[in-house]
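J.: My questions will all concern the structure given below.
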Amino acid sequence: FGGDSWFDTGNTNPTTLAESVADNDYIEFIVTPAGGYTYTPTSLVFNWDLSSVGPYSVTLRSSNDGFISDLGSVTGLLPGNIAVVNTINISGLNGLAVATTFRLYGYEAYSTTGTGGFDVASNMVNVQLNGTVTPPTSSSSDYFRSVTSGDWSAVGTWESSSVADFSSDVANPATLV
Numbered sequence: 015f016g017g018d019s020w021f022d023t024g025n026t027n028p029t030t031l032a033e034s035v036a037d038n039d040y041i042e043f044i045v046t047p048a049g050g051y052t053y054t055p056t057s058l059v060f061n062w063d064l065s066s067v068g069p070y071s072v073t074l075r076s077s078n079d080g081f082i083s084d085l086g087s088v089t090g091l092l093p094g095n096i097a098v099v100n101t102i103n104i105s106g107l108n109g110l111a112v113a114t115t116f117r118l119y120g121y122e123a124y125s126t127t128g129t130g131g132f133d134v135a136s137n138m139v140n141v142q143l144n145g146t147v148t149p150p151t152s153s154s155s156d157y158f159r160s161v162t163s164g165d166w167s168a169v170g171t172w173e174s175s176s177v178a179d180f181s182s183d184v185a186n187p188a189t190l191v
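Written out as structure tokens, the structure reads:
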């Protein structure tokens, strides 16, 4: 999960964040919550591997605002420091219910031959998005509720006077709040 060509012909030396954004010099990943769930990302933790002319800085942005605002940056990355754990704390992205694309823009590269990314040749976790996940809220109308013990296929077992099938959400009324 890495890349090359972080430096484009015509860029200043080293490259700037604005040039990397304009030249589409990024690594991206997409997070899609399961139906009804929301998530709130809180940090991106990663190890960055770069060549001597690769991107010494990275900035995280998201599709939440069309990749306009910086969520955070890490600067001063150095070749050979792959064991250093970097963290970008994320705030302001709360309760995301749709697919969100995250882009990590690499800049401060010095040559078209520069490489950089999460491409660590080991068994370590070298990129991790942390946060919280919130399950769908439930109400009694979201479930088939039993009104008595009885045969699963009997209409009288269920409050709705219809029969729950194998794909239905079922709950005991005492468990619903």
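So for the sequence shown, the working numbering puts the first residue at 15; every next one is plus one. Glycine included, every Cβ here is placed at the ideal spot set by N, Cα and C. Note that the structure is predicted; figures quoted are calculated from it, not measured.
With a 10 Å radius around its C-beta and 16 neighbouring C-beta atoms as the bar for buried, classify Gly130 as buried or exposed.
T.: On the sequence shown, position 116 is the one that residue 130 refers to. It counts as buried.
J.: DSSP has Asp22 in a bridge; who is on the other side?
T.: The residue labelled residue 22 in the question sits at position 8 within the sequence shown. Answer by DSSP bridge pairing: none, since Asp22 is not bridged.
J.: Which residues does DSSP pair with Asp63 in a beta bridge?
T.: On the sequence shown, residue 63 is found 49 positions in, with the first residue counted as 1. The partner list for Asp63 (beta bridge, DSSP) reads Gly131.
J.: Pick from Arg117, Ala48, Pro149: whose alpha carbon is nearest that of Ser87?
T.: Start at 1 with the first residue of the sequence shown, and residue 87 comes out as number 73. Looking only at Arg117, Ala48, Pro149, the smallest Cα-Cα distance to Ser87 is reached by Arg117.
J.: Should Pro69 go down as buried or exposed, given a rule of 16 or more other Cβ atoms within 10 Å for buried?
T.: The residue you call residue 69 lines up with position 55 of the sequence shown. Under this definition Pro69 is a buried residue.
J.: Closest to Ser34 by CA distance: which of Val139, Thr162, Gly120 is it?
T.: On the sequence shown, residue 34 is found 20 positions in, with the first residue counted as 1. Answer by Cα proximity: Gly120.
J.: Determine contact between the segment 51–63 and the segment 102–117, defined as no fewer than three beta-carbon pairs at a distance below 8 Å.
T.: By the Cβ rule, the segment 51–63 counts as touching the segment 102–117, because three or more pairs are nearer than 8 Å.
J.: For Asp63, which option in Asn140, Tyr124, Val45, Asn27 has the closest C-alpha, if you only look at C-alpha atoms?
T.: Within the sequence shown, residue 63 is the residue found at index 49, counting from 1. Nearest C-alpha to Asp63 among Asn140, Tyr124, Val45, Asn27: Asn140.
J.: Helix, strand or coil for Gly170, going by three-state DSSP, please let me know.
T.: One-based indexing of the sequence shown puts residue 170 at position 156. If DSSP states are grouped into helix, strand and coil, Gly170 belongs with the helices.
J.: Under 7 Å Cβ to Cβ from Leu31, same chain only, skipping five residues before and after it: list those, please.
T.: Start at 1 with the first residue of the sequence shown, and residue 31 comes out as number 17. Residues Thr73, Tyr119, Tyr121 of the same chain have their beta carbon placed closer than 7 Å to that of Leu31, with the five preceding and five following residues left out of the count.
J.: Between Asp165 and the rest of its own chain, which residues show a CB-CB distance below 7 Å, the 5 nearest in sequence each way excluded?
T.: Stepping through the sequence shown from its first residue, residue 165 is reached at position 151. So the list reads Thr171, once near-sequence residues are dropped.
J.: Which first and last residues belong to the beta strand (DSSP E) in which Val72 is found?
T.: As a working note, residue 72 is residue 58 in the sequence shown. Residues 71–76.
J.: For Ser154, is the classification buried or exposed, using 16 other Cβ atoms within 10 angstroms of its Cβ as the cut-off for buried?
T.: Taking the first residue of the sequence shown as position 1, residue 154 is located at position 140. Because the pLDDT at Ser154 is just 48, under 50, the model does not fix this residue reliably, and the point stays unresolved.
J.: If we ignore side chains and look at the alpha-carbon of each, how far apart do Thr46 and Gly16 end up?
T.: As a working note, residue 46 is residue 32 in the sequence shown. As a working note, residue 16 is residue 2 in the sequence shown. Cα to Cα, the separation comes out at about 21 Å.
J.: Kindly indicate the opening and closing residues of the alpha helix (DSSP H) around Ser34.
T.: If you number the sequence shown from 1, residue 34 lands on position 20. From DSSP, the alpha helix (DSSP H) with Ser34 extends over 31–36.
J.: Quick one: give me the first and last residue of the beta strand (DSSP E) that Gly120 is part of.
T.: Within the sequence shown, residue 120 is the residue found at index 106, counting from 1. 114–121 is the extent of the beta strand (DSSP E) around Gly120.
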